[in-house]
Structure formats: C-alpha cells, structure tokens
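Enquirer: Please see the structure below; I have some questions.
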Amino acid sequence: MEQLWSAEALRLHWVLQPSEQPLLKGLSGPKRLVLGYYLKFFQRHARFPNRMDAIPEIVAQFLAEQIEYDGPLPSDVPERSDRRYRRLVSDHLRLRRFDQAASGEFVKWLVAEVLPNAPQVSALDERMTAWFLINRFIQPDQSRLDKLVAQSERRFDQMLCAKISGRLVLAHKHALDALLTTDEAASRFAQLARGPGGTSVQAVQDAVVRLEMVRAIGLPADLLDGVYPDHIANLARRAASEDAWDMRRRPEVVRHALLSCFCATRGTDLTDDLSDLVISIIHKISARAESKVIKEYVADFRKAESKDTLLGKIVLAVDGQPDGDIPQVIYPVVPRETIRDLAQAYQADTPSFTTRVHHTIRRSYARHYRRVLPVILKALTFRTSSASAEPLLAALSILTEPSDRKPQFYAESEVPIDGVVRPKWRDIVLEMGRGGVSRVNRINYEICVLQTLRDKLRTKEIWIEGAKRYCDPDQDLPADFDARRAHYFNLLNQPQDADQFVQALRDNMRNRLDLLRSKLPGQQGCHTQVPGWRHAPVSTPLEATN
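Note that UniProt numbering has the sequence shown beginning at 1, numbered continuously upward.
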C-alpha cells in the first residue's frame with residue numbers, strides 16, 4: 001500500500017461520508033478507527049486488509065481526526081473481530097457472493113471488454129478492481145484471481161486465432177503452409193526469420209527477396225483490422241520462437257493465425273529495415289565526405305605553415321639585400337623549382353568546401369552505393385500527402401525506371417529541379433553543354449534526390465507503403481481521432497485552438513524569463529533576447545556579484 005499521500009489524495013480516498021457515519025456508532029474509538037479503515041480500504045481495493053500494521057501513519061491520523069479519536073492505532077485485530085468488521089462492511093455495501101456464476105460473468109467480461117485492448121498489468125488490476133466494486137463482489141484471493149485471468153487469456157487467444165484464420169481464403173492458407181516445407185536447405189519460414197544483413201549488394205538483394213516472399217502470399221489488407229498491435233506482436237513472437245517442424249504440429253487455426261501475424265510483422269520489419277538502410281547510407285556518404293574534406297583542409301593548413309616558413313626566409317633575405325637581384329638574393333634561400341611549384345599551386349582553382357564535399361560524395365556513391373540504392377528504391381513504394389513533395393516522387397520514378405543504358409546527362413526539362421535539388425547544389429547539378437544549353441548531370445542529380453528523400457522521410461512528408469516507422473502520418477493518430485478529438489485533447493491537457501496553444505507557450509516562456517531576471521541579484525537593468533525573435537530583448541552583460 002502507498003505510504004506517501006497528498007492532502008488531495010487523502011480527501012479523495014479516505015473521507016468518511018455522512019452516510020457512512022452511522023456504521024460506526026456504538027463502537028469505541030479504536031474499533032471505529034479499524035472499521036472505518038476496513039470500509040475505505042475496501043472501497044479502494046475491492047478486498048479487505050490482511051493486517052493493521054500496513055496502514056500508513058498519515059492515513060490512520062486522517063481517519064482518527066474524522067472520528068475524533070486520539071488514541072493509539074490497534075496493532076492487531078482478533079480473528080473474531082475481523083469477521084465482524086468484514087460482515088458489517090459487506091452488509092453496509094450490500095456485497096454479493098462471488099460464486100461460480102459470477103466467475104463466469106467475470107471471465108466473459110475480461111474476454112469481451114478488457115483483453116482485446118492488451119492492457120498492462122497495472123491497468124488490468126485497476127479495471128478488475130473497478131469491476132468488483134461496481135458489481136459489489138469481494139475480490140477473490142490472488143491464486144483464484146490468477147487462474148481466472150489465465151482462463152480468460154486462453155479463451156481470448158482461441159477466439160483471436162479463429163478470428164484471424166477465418167479471414168483467410170484457401171489460397172492464403174496454402175501459401176502460408178508452403179513456407180514450412182523443408183525440401184530445400186532451409187524452409188522459407190526459416191529464411192524469413194533471419195535478421196537483417198549488411199549493406200552489401202548481396203545482403204540488400206537477399207532482404208528484397210524476403211520482402212517479395214511475404215508480399216507473394218497476398219495477405220488481405222484488412223486481415224488484422226481491429227486487432228490490438230500488442231496482440232499481433234505477441235503472436236508474431238510466438239511464431240518466430242518456433243521452427244518449421246513445431247509449427248506444422250500446431251492446429252490449423254492456430255498455425256495460420258501465428259503465420260499470418262508473423263508474415264505481416266516481418267513484411268513491415270523488412271520494409272522498415274530497407275527504409276532505415278536508405279537513410280543510413282545517405283547519411284554515411286555525406287558524413288564521411290565532410291569528415292574527409294575537413295581532414296584535407298587540416299592537411300592543407302599544415303602545408304600553409306611550411307609556406308609561411310619559406311616566406312619568412314624570403315623576407316629576411318630581401319631585407320638583408322634590398323638592392324640585390326632576385327637570382328642572387330632569393331634562389332640561394334628558396335630554390336627556383338620550389339617557387340615554381342608554389343606559383344602553380346596558387347594559380348590552381350581551389351574548389352569550395354561544398355564542391356569538394358560533393359566530389360567526395362560522388363566518388364563514394366558511384367563506386368559502390370549506386371548499385372545498392374536502386375535495388376532498395378525499386379522494392380519500396382513511396383507516397384506523399386503533400387503537394388510540395390510531388391516533384392520528389394517524380395524524380396524517384398525516374399531513378400528507378402528500367403533502362404539498359406541511361407544517359408550521362410538529362411535535359412533540364414526532363415527532370416524536376418524545384419523541390420528536389422537544394423539551391424546550394426544547383427551549380428553542381430546544372431552544367432553547360434554544347435551550344436550553351438543547360439543540362440543535368442545524372443549522377444549529381446541522383447545524389448541530390450537521395451539527400452532530399454532522406455530529409456522528407458524523416459519529416460514524413462514522404463511515407464512508405466507497408467512501413468511502420470515511416471508509415472502514413474495519418475496512421476499515427478488513433479482510428480477514432482476525428483470522432484473523439486475533444487477527448488484526446490483533454491487527455492493531452494492541450495487546447496484545440498492553435499492560437500491559444502501558442503499564446504500559452506509565449507506566456508510560459510515570458511514568465512520563466514521574468515523569474516530568471518528576478519532571481520539575479522542586483523541586475524534590475526538586465527534584459528534578454530533570443531536571436532531571430534522580433535522585439536525580443538538582448539541579454540546585457542551581467543555585473544559581477546559577491
């Protein structure tokens with residue numbers, strides 16, 4: 001039992017109502033305290049306490065004040081008195097006997113109302129306690145209660161498997177059973193159960209093959225509608241923990257339900273894995289390129305230090321012989337060949353940081369990842385609900401279209417540029433061709449498409465069909481969100497009006513800043529500003545305080 005109680009919680013759970021006061025009449029102070037505790041404990045837990053020493057001191061004091069008792073708390077309750085207190089509370093609350101018929105009602109209620117939502121243990125306990133209180137039953141002992149819950153879970157599991165299996169046609173069942181055949185080195189069921197591979201072309205192709213294997217089964221889109229995600233995950237885990245031989249021994253209804261959940265979950269996982277691979281590859285290429293270019297800049301800086309040494313030698317030589325000839329003054333200090341090399345390096349057109357990064361990305365992409373990414377992109381179906389992302393979908397279709405030999409350049413009118421190529425990359429993507437006609441460098445364009453794809457996947461402007469982490473953002477909301485919009489906003493304790501939400505944020509931030517300023521001693525003239533905020537104050541230097 002909780003030992004820490006706030007004043008509000010005490011008033012909510014431990015106040016003796018006027019209608020309950022007559023129950024305590026005619027009893028001595030200690031007995032009134034014990035009986036009051038029995039009554040309020042039952043109203044909270046749907047059972048009676050086992051002993052008095054578990055009562056928190058603050059609760060005992062709160063009850064004692066209500067019955068005007070200032071004596072000690074009884075440390076123990078005799079068995080005879082315990083039975084009497086239980087009977088008095090039962091009569092007052094008109095409690096009923098939890099018999100076999102009531103057990104059946106309880107199991108039916110669990111199967112129909114509670115277990116479909118896959119509640120956590122704490123939530124399940126709360127709902128069961130509420131059921132016993134509403135129906136005026138004394139909650140049975142823990143052993144019997146656990147047996148009833150286990151019985152309910154078995155019955156629900158049977159009903160769930162029958163529900164899922166009943167949505168399958170004969171072709172689906174044959175396709176699922178075919179996964180368990182072991183004519184080859186390993187069953188296709190075992191192949192599907194394997195974890196993700198690496199980023200090699202072979203590993204990616206293997207993942208795509210497994211994804212196509214799941215799609216070939218053709219499971220109905222509404223197969224798992226109305227089934228709580230936790231139940232789907234549980235059935236999928238049960239299937240993954242077995243081998244093909246064990247699965248074949250299962251009853252047909254259970255086998256098909258387990259395999260259906262396993263394949264549906266595996267298809268989603270494989271889609272997510274491939275999606276993650278796209279994002280990680282693009283990030284890896286860019287991050288490695290920037291790191292490499294930075295190292296090159298550091299090396300160039302170190303070379304520049306040696307150039308400063310040469311410059312110092314030249315300056316000292318010229319200062320010592322200001323009227324001397326160059327060959328006689330400088331060449332003895334710095335050889336002519338060295339000066340020629342420095343002149344050539346100075347005249348060379350050193351590319352910008354962005355250009356050098358892009359050249360490094362291009363080399364890495366062209367050598368390896370260009371063979372991997374198209375395989376992944378062809379296996380995924382990209383969707384969008386945003387008009388601004390439509391050009392990117394068009395660009396992706398160009399990247400994945402079949403062709404024996406693609407051109408090195410596109411005409412500028414053949415591919416979308418706006419919404420696909422960032423402004424800083426345009427000079428690299430667009431080149432001047434013959435006759436001064438602008439053209440699009442294909443490899444550079446592909447890199448820009450992939451980088452934009454990564455950004456829009458992470459913001460869900462682009463989503464992937466069949467994925468979980470990158471699914472349609474509308475699926476992130478509860479199915480009944482539109483119908484119960486006010487209910488969900490109340491759960492979040494947030495207003496539905498956007499202006500009201502923003503104003504609350506502003507007020508909170510303003511109050512916090514005012515509190516900060518008030519806590520700074522001797523800084524009445526201090527004011528603060530966040531860069532980019534209009535009319536926001538700038539933080540002035542603080543004076544030192546002792």
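Heads up, the beta-carbon is just placed ideally off N, CA and C, and yes, glycines get one too. This one's a predicted model, so the numbers in the text were calculated from it and none came from an experiment.
Looking at C-beta atoms only, is the number of pairs between the region 360–377 and the region 441–449 that lie closer than 8 Å three or more?
Expert: Cβ pair count under 8 Å is three or more, so yes.
Enquirer: Which one or two residues does DSSP pair with Arg439 in a beta bridge?
Expert: For the purposes of this step, residue 439 is taken as residue 439 along the sequence shown, with counting starting at 1. Arg439 pairs with Ala411, Glu431.
Enquirer: Quick one: any contact between the region 252–264 and the region 165–176, if contact means 3 or more CB pairs under 8 Å?
Expert: yes
Enquirer: Quick check: what's the CA-CA separation for Ala112 versus Val204?
Expert: The residue given as residue 112 occupies position 112 in the sequence shown. The residue given as residue 204 occupies position 204 in the sequence shown. Ala112 and Val204: Cα-Cα distance of roughly 44 Å.
Enquirer: Could you pull the DSSP bridge partners for Arg250 from this structure?
Expert: Position 250 of the sequence shown, counted from the start, is the residue given in the question as residue 250. In the DSSP output, where bridge partners are listed per residue, Arg250 has none listed.
Enquirer: Determine the contact status of Ser103 and Leu145, defining contact as a CB-CB distance below 8 Å.
Expert: Numbered from 1 along the sequence shown, position 103 holds the residue referred to as residue 103. Numbered from 1 along the sequence shown, position 145 holds the residue referred to as residue 145. Against a cut-off of 8 Å, the Cβ pair of Leu145 and Ser103 comes out as no contact.
Enquirer: Who are the Cβ neighbours of Glu20 in its own chain at under 6 Å, not counting the five residues just before and after it?
Expert: Taking the first residue of the sequence shown as position 1, residue 20 is located at position 20. Answer for Glu20: no residue qualifies.
Enquirer: Please report the straight-line C-alpha distance between Phe501 and Leu63, rounded to a whole angstrom.
Expert: Residue numbering aside, residue 501 sits at position 501 when the sequence shown is read from its first letter. Residue numbering aside, residue 63 sits at position 63 when the sequence shown is read from its first letter. One alpha carbon belongs to Phe501, the other to Leu63, and they sit about 42 Å apart.
Enquirer: Within a Cβ cutoff of 6 Å, which residues of the same chain sit near Leu110, ignoring the five residues on either side of it in sequence?
Expert: In the sequence shown, residue 110 corresponds to position 110, counting from 1. The residues are Ser152.
Enquirer: Which residue comes first and which comes last in the beta strand (DSSP E) that contains Arg86?
Expert: Reading the sequence shown from its first residue, position 86 is the one you call residue 86. Looking at the DSSP string, Arg86 is not in any beta strand (DSSP E); the run it does join, the alpha helix (DSSP H), is 79–93.
Enquirer: Per DSSP, Ile464 forms a beta bridge with which residues?
Expert: Here residue 464 refers to the residue found at position 464 of the sequence shown. Partner(s): Phe382.
Enquirer: Could you tell me how far apart the beta carbons of Gly211 and Ser275 are, in whole angstroms, since I believe they sit closer than 8 Å?
Expert: By 1-based counting over the sequence shown, the position of residue 211 is 211. By 1-based counting over the sequence shown, the position of residue 275 is 275. Residue 211 is actually Leu in this sequence, not Gly. At roughly 11 Å, the Cβ-Cβ gap does not stay under 8 Å, so Leu211 and Ser275 are not in contact.
Enquirer: In whole angstroms, what is the alpha-carbon distance linking Lys108 and Leu477?
Expert: Counted from its first residue, the sequence shown places residue 108 at position 108. Counted from its first residue, the sequence shown places residue 477 at position 477. If I take the Cα positions, the gap works out to 30 Å.
Enquirer: Kindly give me the distance between the Cβ atoms of Leu392 and Gly435, rounded to whole angstroms, as I take these residues to be in contact under 8 Å.
Expert: On the sequence shown, residue 392 is found 392 positions in, with the first residue counted as 1. On the sequence shown, residue 435 is found 435 positions in, with the first residue counted as 1. With 8 Å as the limit, Leu392 and Gly435 do not qualify as a contact, their Cβ atoms being about 30 Å apart.
Enquirer: Under a Cβ-count criterion, where at least 16 other Cβ atoms within 10 Å of its own Cβ denotes burial, should Gln139 be classed as buried or exposed?
Expert: Counting from one through the sequence shown, the residue named residue 139 turns up at place 139. Answer is buried; the Cβ neighbour count reaches 16.
Enquirer: Under 8 Å between the Cβ atoms of Ala118 and Asp230?
Expert: Here the question's residue 118 lines up with position 118 in the sequence shown. Here the question's residue 230 lines up with position 230 in the sequence shown. Result yes, Cβ atoms of Ala118 and Asp230 sit closer than 8 Å.
Enquirer: On the criterion of 16 or more Cβ atoms from any shown chain inside 10 Å, does Val437 qualify as buried, or is it exposed?
Expert: For this step, residue 437 is matched to residue 437 along the sequence shown. Exposed, by the Cβ-count rule.
Enquirer: By the DSSP assignment, the alpha helix (DSSP H) with His45 in it spans what residues?
Expert: In the sequence shown, residue 45 corresponds to position 45, counting from 1. Residues 29–45.
Enquirer: Please check the pair Pro416 and Thr400, which I expect to be a contact at CB under 8 Å, by giving their CB distance rounded to whole angstroms.
Expert: Numbered from 1 along the sequence shown, position 416 holds the residue referred to as residue 416. Numbered from 1 along the sequence shown, position 400 holds the residue referred to as residue 400. Contact between Pro416 and Thr400 is absent: CB atoms are separated by about 15 Å, not below the 8 Å threshold.
Enquirer: Rounded to the nearest angstrom, what separates Met509 and Ser280 at their Cα positions?
Expert: Along the sequence shown, one-based indexing puts residue 509 at 509. Along the sequence shown, one-based indexing puts residue 280 at 280. Using only the alpha carbons, I get a separation of about 36 Å.
Enquirer: Does the distance from the CB of Thr129 to the CB of Ala46 come in under 8 Å?
Expert: What you label residue 129 is simply residue 129 of the sequence shown in a count that begins at 1. What you label residue 46 is simply residue 46 of the sequence shown in a count that begins at 1. Yes, these two residues count as a Cβ contact at 8 Å.
Enquirer: Using a threshold of 8 Å, state whether the C-beta atoms of Phe409 and Arg442 are closer than that.
Expert: Counting from one through the sequence shown, the residue named residue 409 turns up at place 409. Counting from one through the sequence shown, the residue named residue 442 turns up at place 442. Yes.
Enquirer: Here's the rule: buried if 16 or more other CB atoms are within 10 angstroms of the residue's CB, otherwise exposed. What is residue 636?
Expert: Outside the modelled stretch of the chain, which goes from 1 to 546, sits residue 636, for which no answer is possible.
Enquirer: Per the DSSP calculation, Phe137 is bridged to which residue(s)?
Expert: The residue labelled residue 137 in the question sits at position 137 within the sequence shown. DSSP output for Phe137 lists Arg96 as bridge partner(s).
Enquirer: What's the gap between the Cα of Leu377 and the Cα of Leu515?
Expert: Here residue 377 refers to the residue found at position 377 when the sequence shown is read from its first residue. Here residue 515 refers to the residue found at position 515 when the sequence shown is read from its first residue. Straight-line Cα distance between these residues: approximately 53 Å.
Enquirer: Considering Cα atoms alone, identify which of Asp325, Val59, Ser200, Phe98 is closest to Phe137.
Expert: Residue numbering aside, residue 137 sits at position 137 when the sequence shown is read from its first letter. Residue Phe98 is the option with its Cα nearest to Phe137.
Enquirer: Using the three-state DSSP reduction, which class does Thr181 fall into: helix, strand or coil?
Expert: Taking the sequence shown and counting its residues from 1, the one referred to as residue 181 is at position 181. In the structure shown, Thr181 sits in coil (DSSP, three-state: anything other than H, G, I, E or B).
Enquirer: Could you tell me the alpha carbon to alpha carbon distance between Pro322 and Ile339, rounded to whole angstroms?
Expert: By one-based count along the sequence shown, residue 322 stands at place 322. By one-based count along the sequence shown, residue 339 stands at place 339. Rounded to whole angstroms, Pro322 to Ile339 spans 19 Å at the Cα level.
Enquirer: Of the residues Trp131, Ile330, Ile398, which one's Cα is nearest the Cα of Glu105?
Expert: In the sequence shown, the residue the question calls residue 105 occupies position 105. Comparing Cα-Cα distances from Glu105 to each of Trp131, Ile330, Ile398, the minimum goes to Trp131.
Enquirer: State the DSSP-derived secondary structure class of Glu401, mapped to helix, strand or coil.
Expert: Taking the sequence shown and counting its residues from 1, the one referred to as residue 401 is at position 401. In this structure, Glu401 counts as coil in the three-state DSSP scheme.
Enquirer: Which of the three DSSP states is assigned to Leu73 in this structure?
Expert: For the purposes of this step, residue 73 is identified with residue 73 of the sequence shown, where counting begins at 1. Looking at Leu73 - three-state DSSP - the assignment turns out to be coil, as it is neither helix nor strand.
Enquirer: Do Trp463 and Asp455 have their beta-carbon atoms positioned less than 8 Å apart in this structure?
Expert: Against the sequence shown, residue 455 aligns to sequence position 455. Against the sequence shown, residue 463 aligns to sequence position 463. No; because the gap between Cβ atoms is not below 8 Å, this pair is not in contact.
Enquirer: Reducing DSSP to helix, strand and coil, say where Val227 ends up.
Expert: Residue numbering aside, residue 227 sits at position 227 when the sequence shown is read from its first letter. In the structure shown, Val227 sits in coil (DSSP, three-state: anything other than H, G, I, E or B).
Enquirer: Taking the alpha carbon of Ser200 as the point to measure from, which residue in Thr181, His368, Arg94 has its own alpha carbon closest?
Expert: Position 200 of the sequence shown, counted from the start, is the residue given in the question as residue 200. Comparing Cα positions, the closest option is His368.
Enquirer: Does the beta-carbon distance from Leu270 to Ile217 come in below 8 Å?
Expert: Residue 270 sits at position 270 when you count from the first residue of the sequence shown. Residue 217 sits at position 217 when you count from the first residue of the sequence shown. The answer is no: Cβ separation not under 8 Å.
Enquirer: Taking the C-alpha atoms as reference points, what is the distance between Pro72 and Pro30?
Expert: By one-based count along the sequence shown, residue 72 stands at place 72. By one-based count along the sequence shown, residue 30 stands at place 30. For Pro72 and Pro30, the distance between alpha carbons rounds to 8 Å.
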